[in-house]
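Read left to right, the sequence shown gives residues 1 to 434 (UniProt numbering).
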Amino acid sequence: MKTAFILCATSALASVWLAGAARADEVQMLDAPVIPLADVTFKSGQTTALSVGYGSGATHRAGEDAGLIYTITDRGPNIACDEAKDLTGADTDAMCAGDKDGKIFPVPGFDPTIYALRIEGEKVSVAGAYPLLGTDGKKLSGISVPLAKNPTEKPYAADGSLMAQNPNGFDSESLARLADGSFWISDEYGPSISHVAADGKVLDRLVPAGTEGDYAQADYPVHGKLPAILVKRELNRGLESIAVSPDEATLYFVMQSPLANPDEAAFKSSRLLRLFSFDRKAEAVKHEYVYQIDTPDAFKADNAKKARKQGDVKVSEMVAIGPDRLLVLERISKTTLLYEVDLAGATPLPARFDDVATKPSLEQLKSEDLAAAGIVPLKKTLIFNSDDHAGMPDKIEGVAVIDPKTLVLVTDNDFGIDGAKTKMVRVTLDKPLN
1 MKTAFILCAT SALASVWLAG AARADEVQML DAPVIPLADV TFKSGQTTAL
51 SVGYGSGATH RAGEDAGLIY TITDRGPNIA CDEAKDLTGA DTDAMCAGDK
101 DGKIFPVPGF DPTIYALRIE GEKVSVAGAY PLLGTDGKKL SGISVPLAKN
151 PTEKPYAADG SLMAQNPNGF DSESLARLAD GSFWISDEYG PSISHVAADG
201 KVLDRLVPAG TEGDYAQADY PVHGKLPAIL VKRELNRGLE SIAVSPDEAT
251 LYFVMQSPLA NPDEAAFKSS RLLRLFSFDR KAEAVKHEYV YQIDTPDAFK
301 ADNAKKARKQ GDVKVSEMVA IGPDRLLVLE RISKTTLLYE VDLAGATPLP
351 ARFDDVATKP SLEQLKSEDL AAAGIVPLKK TLIFNSDDHA GMPDKIEGVA
401 VIDPKTLVLV TDNDFGIDGA KTKMVRVTLD KPLN
């Protein structure tokens with residue numbers, strides 16, 4: 001089967017026909033907006049122009065205008081302290097007092113924000129921006145949260161000074177829109193999920209049971225409704241994907257990576273993620289499932305220069321495409337794989353695997369061990385592989401399903417720290433999702 005790749009710049013259009021076995025029959029680059037953020041001068045004197053990274057997640061609600069999608073930023077511009085020299089011109093000692101595990105937040109006042117984007121032909125424009133707000137209407141923060149059981153990084157400013165952590169901090173990564181205009185968003189810090197009003201006000205934040213005390217000073221309600229074992233998340237590998245069922249009764253969310261349970265070695269070697277269905281009315285997990293991520297060799301573009309490791313593979317987006325049916329995005333950085341996933345046929349994870357005392361833990365099991373443990377993992381079917389299309393952008397993190405044959409993919413440009421711009425792609429499938 002032949003597939004078409006259409007490249008659209010602001011005023012140029014080029015077409016290249018490629019041979020391949022992908023389901024997608026058309027891939028079209030859109031003219032994504034650049035939203036300037038700030039010019040930041042670091043301690044070294046180096047100045048970097050930053051732009052808003054609005055592509056950490058994307059959503060389109062069925063029944064709304066086909067040209068309207070919503071996206072979300074993450075916590076804001078940030079630089080790993082061990083990369084300080086390359087990106088700021090000053091070394092780790094100067095920028096982070098030698099703390100290699102810290103994070104530099106060059107725009108500490110940044111507030112995670114939901115964006116409304118209007119798509120007309122190949123042109124995309126900003127139709128609205130809704131910063132996350134506390135109960136009192138004040139803007140919240142992207143600075144790391146002070147967590148006791150699942151620590152986050154120490155934050156440093158552009159001048160190298162140590163900042164205080166913030167209980168109002170969100171590292172938002174995905175969103176799903178409801179009929180009343182509100183959203184559910186996911187977060188990597190807690191990890192957590194939150195109900196957010198149409199104007200950006202946080203109505204409720206749900207965190208792992210036993211950690212709600214860490215948010216005692218937060219400017220919004222917090223409840224420990226998520227499984228306590230989620231505190232075992234690997235740092236920066238929390239909840240990056242959330243979806244809502246067509247009847248809006250059920251939320252679905254999945255960990256970005258295997259838990260570090262009992263330790264980081266398990267995270268690095270495991271292929272087994274935890275995917276949850278959550279009853280909105282009862283505010284409780286209905287079922288927990290096992291999702292098997294691919295082995296790193298499946299991501300060909302990422303392996304072009306060096307062999308990648310299992311710990312590099314992650315899930316970065318999820319969309320509900322029917323009752324208990326999901327579209328899941330797996331990636332490393334360059335290769336994007338989209339899978340259809342059906343919860344039917346999978347068995348809920350036995351409750352013992354939510355106990356940290358269980359040995360071996362879920363994350364220590366191999367795929368061949370699942371049957372003996374009474375686990376049938378989720379079945380997944382590949383429907384799109386970006387390696388089949390030359391010119392596809394790196395780091396796709398957002399997927400908006402416009403209709404059963406049309407997807408809009410959005411990249412996370414990391415706020416242009418290294419000069420990257422947000423890119424958007426329209427994918428037309430030759431077979432509908434449902």
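Cβ coordinates follow ideal geometry from the N, Cα and C atoms, glycine included. Given the structure is predicted, the values throughout are model-derived calculations rather than measurements.
Beta-carbon gap between residue i and residue j smaller than 9 Å
{"i": "residue 151", "j": "residue 163", "result": "no"}
{"i": "residue 61", "j": "residue 110", "result": "no"}
{"i": "residue 245", "j": "residue 239", "result": "no"}
{"i": "residue 211", "j": "residue 147", "result": "yes"}
{"i": "residue 175", "j": "residue 206", "result": "no"}
{"i": "residue 418", "j": "residue 68", "result": "no"}
{"i": "residue 302", "j": "residue 334", "result": "yes"}
{"i": "residue 410", "j": "residue 391", "result": "no"}
{"i": "residue 385", "j": "residue 337", "result": "yes"}
{"i": "residue 268", "j": "residue 276", "result": "no"}
{"i": "residue 345", "j": "residue 220", "result": "no"}
{"i": "residue 396", "j": "residue 329", "result": "yes"}
{"i": "residue 265", "j": "residue 319", "result": "no"}
{"i": "residue 332", "j": "residue 299", "result": "yes"}
{"i": "residue 270", "j": "residue 310", "result": "yes"}
{"i": "residue 273", "j": "residue 365", "result": "no"}
Terminal residues of the beta strand (DSSP E) in which residue i lies
{"i": "residue 47", "result": "47 to 51"}
{"i": "residue 95", "result": "Run containing residue 95: none in the beta strand (DSSP E); it sits in the alpha helix (DSSP H), 92 to 96."}
{"i": "residue 267", "result": "Counting along the chain, residue 267 falls outside any beta strand (DSSP E), though it belongs to the alpha helix (DSSP H) covering 264 to 269."}
{"i": "residue 204", "result": "202 to 208"}
{"i": "residue 242", "result": "239 to 244"}
{"i": "residue 234", "result": "Here residue 234 belongs to no beta strand (DSSP E), and DSSP marks it neither H nor E."}
{"i": "residue 116", "result": "113 to 120"}
{"i": "residue 161", "result": "Premise fails: residue 161 is in no beta strand (DSSP E) and is neither H nor E."}
{"i": "residue 385", "result": "379 to 385"}
{"i": "residue 292", "result": "284 to 292"}
{"i": "residue 253", "result": "250 to 255"}
{"i": "residue 72", "result": "68 to 72"}
{"i": "residue 177", "result": "172 to 177"}
Selection from the options that minimises the alpha carbon distance to residue i
{"i": "residue 235", "options": "335, 102, 205", "result": "102"}
{"i": "residue 348", "options": "147, 378, 421", "result": "378"}
{"i": "residue 373", "options": "382, 134, 360, 385", "result": "360"}
{"i": "residue 191", "options": "176, 199, 229, 165", "result": "229"}
{"i": "residue 406", "options": "399, 137, 427, 415", "result": "427"}
{"i": "residue 113", "options": "57, 248, 93", "result": "57"}
{"i": "residue 172", "options": "179, 46, 241", "result": "241"}
{"i": "residue 381", "options": "340, 179, 318", "result": "340"}
{"i": "residue 215", "options": "279, 396, 121, 166", "result": "166"}
{"i": "residue 127", "options": "368, 220, 32", "result": "32"}
{"i": "residue 324", "options": "358, 243, 308, 366", "result": "243"}
{"i": "residue 189", "options": "285, 375, 237, 30", "result": "237"}
{"i": "residue 389", "options": "50, 432, 83, 425", "result": "425"}
{"i": "residue 100", "options": "26, 81, 332, 116", "result": "81"}
{"i": "residue 315", "options": "186, 179, 200, 121", "result": "186"}
{"i": "residue 284", "options": "273, 181, 41, 223", "result": "223"}
{"i": "residue 73", "options": "93, 131, 39", "result": "131"}
{"i": "residue 232", "options": "353, 84, 369", "result": "353"}
{"i": "residue 342", "options": "357, 83, 289, 408", "result": "289"}
{"i": "residue 436", "options": "92, 180, 369", "result": "Past the edges of the chain, shown from 1 to 434, lies residue 436, and the structure says nothing about it."}
Outcome for residue i when other beta-carbon atoms lying within 10 angstroms are tallied against a minimum of 16
{"i": "residue 22", "result": "Low confidence applies here, because residue 22 scores a pLDDT of 44, under 50, leaving its location unreliable and the question unanswered by this model."}
{"i": "residue 393", "result": "buried"}
{"i": "residue 256", "result": "buried"}
{"i": "residue 161", "result": "exposed"}
{"i": "residue 217", "result": "exposed"}
{"i": "residue 123", "result": "exposed"}
{"i": "residue 106", "result": "buried"}
{"i": "residue 125", "result": "exposed"}
{"i": "residue 71", "result": "buried"}
{"i": "residue 431", "result": "exposed"}
{"i": "residue 351", "result": "exposed"}
{"i": "residue 34", "result": "exposed"}
{"i": "residue 149", "result": "exposed"}
{"i": "residue 1", "result": "Bear in mind that the predicted position of residue 1 carries a pLDDT of just 34, short of 50, making it too unreliable to give a figure here."}
{"i": "residue 247", "result": "exposed"}
{"i": "residue 258", "result": "buried"}
{"i": "residue 371", "result": "exposed"}
{"i": "residue 412", "result": "buried"}
{"i": "residue 201", "result": "buried"}
Cβ separation of residue i and residue j, assumed to be a contact under 8 Å, to the nearest whole Å
{"i": "residue 261", "j": "residue 363", "result": "5 Å"}
{"i": "residue 97", "j": "residue 44", "result": "No, residue 97 and residue 44 are not in contact; Cβ-Cβ is about 15 Å, not under 8 Å."}
{"i": "residue 414", "j": "residue 53", "result": "6 Å"}
{"i": "residue 104", "j": "residue 79", "result": "4 Å"}
{"i": "residue 421", "j": "residue 51", "result": "7 Å"}
{"i": "residue 108", "j": "residue 157", "result": "6 Å"}
C-beta neighbour in chain D for residue i, strict 9 Å
{"i": "residue 257", "result": "Of the protein chains in this structure there is only one, and it is not chain D."}
The alpha helix (DSSP H) enclosing residue i, as first and last residue numbers
{"i": "residue 84", "result": "84 to 88"}
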